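Residues 1 to 92 (full-length UniProt numbering) make up the sequence shown, in order.
Since the structure comes first, as structure tokens, the remarks are kept for the end.
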Amino acid sequence: MPAQAGEGHRMTLTCYNDTHGFGWRHVDLFVHDAEGRELNWVHWQVPEDGPDAADAVTAEVEPLLRRTSEWRHGVSANGMDYWVAEAEWGAA
Numbered sequence: 001m002p003a004q005a006g007e008g009h010r011m012t013l014t015c016y017n018d019t020h021g022f023g024w025r026h027v028d029l030f031v032h033d034a035e036g037r038e039l040n041w042v043h044w045q046v047p048e049d050g051p052d053a054a055d056a057v058t059a060e061v062e063p064l065l066r067r068t069s070e071w072r073h074g075v076s077a078n079g080m081d082y083w084v085a086e087a088e089w090g091a092a
């Protein structure tokens with residue numbers, strides 16, 4: 001079973017829109033401490049942009065990982081769309 005986020009830690013999923021045509025579509029899983037600092041991350045590729053593709057591929061590559069919030073949309077300083085959601089590991 002994957003390691004759980006430690007006490008006071010939280011995990012987020014982030015997916016992106018390939019706004020600038022870089023060609024690297026992916027989902028990031030970040031672990032944050034109680035102050036919101038990034039402690040660690042891992043990523044996997046997806047065939048399409050956005051939350052629907054992120055959910056579908058995450059269910060395949062990490063079936064025990066659960067999204068626990070709705071996707072929240074944002075736009076980066078360079079104009080790239082992204083979405084963030086809370087996540088946690090489920091039981092085996």
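Positions of the beta carbon are idealized from the N, C-alpha and C atoms, including for glycine.
Only a predicted model underlies this, so the values are computations on that prediction, with no experimental measurement involved.
- Comparing alpha-carbon positions, the option among 28, 23, 36, 25 lying closest to residue 7 turns out to be 36.
- Between the alpha carbons of residue 34 and residue 70 lies a gap of roughly 21 Å.
- Distance from the CA of residue 17 to the CA of residue 62, rounded to the nearest whole angstrom, comes to 21 Å.
- Residue 79 has its alpha-carbon roughly 17 Å from the corresponding atom of residue 26.
- Per DSSP, reduced to three states, the secondary structure at residue 50 is helical.
- Apart from the 5 residues on each side of it in sequence, residue 51 sits with its Cβ closer than 7 Å to the Cβ of 15, 71, 83 in its chain, given in chain order.
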